[in-house]
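In what follows, a single structure is set out as structure tokens and then discussed.
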Amino acid sequence: MAETGTDVEKAAWLLQQGKLVAIPTETVYGLAANALNPIAVAGIFKAKNRPFFDPLIVHLHDSNQVNSYASSFPPIAQKLANAFWPGPLTLVLPKSGIIPDLVTAGQPTVGLRMPAHELTRKLLALLPFPLAAPSANPFGYVSPTTATHVNDQLGDVVDYILDGGPCKVGLESSIVGFSESGKARILRLGGLTTESIAAVAGELDESLNQNSNPSAPGQLDQHYSPGCRLLPAPENLQELISNQDAKTALLRFSGTLPGFPENQQLVLSTDGSMESAASRLFQLLRQLDEQEYNVAYIEKVPDTGLGRAINDRLRRAMARNAD
Ligand code: TXA
Ligand code: MG
46 MAETGTDVEK AAWLLQQGKL VAIPTETVYG LAANALNPIA VAGIFKAKNR PFFDPLIVHL
106 HDSNQVNSYA SSFPPIAQKL ANAFWPGPLT LVLPKSGIIP DLVTAGQPTV GLRMPAHELT
166 RKLLALLPFP LAAPSANPFG YVSPTTATHV NDQLGDVVDY ILDGGPCKVG LESSIVGFSE
226 SGKARILRLG GLTTESIAAV AGELDESLNQ NSNPSAPGQL DQHYSPGCRL LPAPENLQEL
286 ISNQDAKTAL LRFSGTLPGF PENQQLVLST DGSMESAASR LFQLLRQLDE QEYNVAYIEK
346 VPDTGLGRAI NDRLRRAMAR NAD
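Okay, structure coming up:
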């Protein structure tokens, strides 16, 4: 069990000592350390059992700091930062010399983001350094969206959990890189829709605009996996109704499927909105394990807006069960 609370000064003091603190953001909880201290950063990799080829996102308090940590800030990146920061957007820019190679996994670029959560903004304001923070889960597992999720899995290795309540967005940030010609390209689908990014950035670099992209290292196909076996729901849902037992769950977008036991259905959206579905996704994937289902059938959600990022996470969660 890690100490959990809302003491921002305590969190700041621990981070200054090179310790690990879990922080709330609008997307998911992060496992934070001083981004400029390689020993503290190494502690993140160890705590998560994360491979060193997977770079970390650096969290800033304000966009003026970009000039200290990136060696250039192209005009389209500036437009995106003005439009969406603080918010669920990470910009991948050429790194400056101050950022340790460990943070960027040896890449010449760094992922920078300004998170929108009030407590974490207060914390960043107290610190003379930015925070490196991956999602606060063991590598390959579902990202945490509450302080309890963090405590359940990393309670023994984190020095303090800053409790900011449940995460509003519930999906990790969208990651955007830039081509040589300066066009924006989506490296990871996330909490900011591709449509809203394109509305500000103009034409996107489509050649790299895929769900799984090698230029966002660490974007492994198998990710976000709970222990329960996840299978795609069959086209004909009637098959499910005849083949289920008490250990079979159904995860769906909204409404319940008549004929399938209602208490074995996990419904993502409580109000039919994609935002509600996104904010509940990781919580429901965890619930599959908590309720000890053997198998869960997964229905895709409508593939527009945030639905694309939700389907991306569901596809990766299912990938582990494919072999
Ligand atoms: O919403 C989020 O982004 C959360 C919160 C805590 O901020 N963080 C998060 O971090 O999702 P993480 O470590 O789970 O995912 C970071 C991913 C890496 O796996 C990699 O794909 C991409 O960000 N990334 C980081 N730095 C990069 C770089 N220099 N170039 C390309 N991709 C990078
Ligand atoms: Mg992660």
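Adding 45 to a residue's 1-based position in the sequence shown gives its number in our numbering. Every residue gets a Cβ at the ideal spot worked out from N, C-alpha and C, and that includes glycine. It should be emphasised that the depicted structure is a prediction, and the values quoted were computed from it without experimental measurement.
Under 9 angstroms between C-beta atoms of residue i and residue j
i: Ala126; j: Ser113; result: no
i: Ile102; j: Leu157; result: yes
i: Pro211; j: Ser324; result: yes
i: Asn196; j: Ala77; result: no
i: Val148; j: Ala80; result: yes
i: Arg233; j: Ser224; result: no
i: Thr227; j: Pro139; result: Thr is not the amino acid found at residue 227; the sequence shown has Gly there. Against a cut-off of 9 angstroms, the Cβ pair of Pro139 and Gly227 comes out as no contact.
i: Thr238; j: Gly350; result: yes
i: Leu275; j: Ala341; result: yes
i: Ala115; j: Ser141; result: yes
i: Leu176; j: Leu60; result: yes
Three-state secondary structure (DSSP) of residue i
i: Arg358; result: helix
i: Tyr342; result: strand
i: Asn79; result: strand
i: Lys55; result: helix
i: Ala126; result: helix
i: Pro139; result: strand
i: Leu134; result: strand
i: Pro277; result: strand
Rounded straight-line distance, which links the Cα of residue j to that of residue i
i: Gln336; j: Leu295; result: 13 angstroms
i: Val245; j: Ala362; result: 31 angstroms
i: Val346; j: Leu329; result: 14 angstroms
i: Asp146; j: Cys273; result: 36 angstroms
Same chain, Cβ closer than 7 angstroms to residue i, neighbours up to 5 away in sequence not counted
i: Thr49; result: Ala192, Asn196, Ile206, Asp208
i: Leu285; result: Ala278, Pro279, Leu295, Phe305, Tyr342
Own chain residues within Cβ distance below 8 angstroms of residue i, not counting five before or after
i: Pro179; result: Gly75, Leu76, Ile89, Lys93, Arg95, Asp99, Leu101, Ile102
i: Leu249; result: Lys228, Ala229, Arg230, Ile231, Thr239, Ile242, Ala243
Beta-carbon proximity list for residue i, same chain, < 6 angstroms, skipping 5 on both sides
i: Leu359; result: Ile343
i: Glu135; result: This sequence places Thr at residue 135; Glu is not what is there. Excluding sequence neighbours, Thr135 sits near Ile102, Gly156, Arg158, Ser218, Ile220.
i: Phe184; result: Lys93, Asn94, Arg95
i: Val202; result: Ala92
i: His106; result: Leu169, Ala170
i: Arg353; result: Leu234
Near the ligand TXA: residue i beta-carbon under 8 angstroms from a heavy atom
i: His104; result: yes
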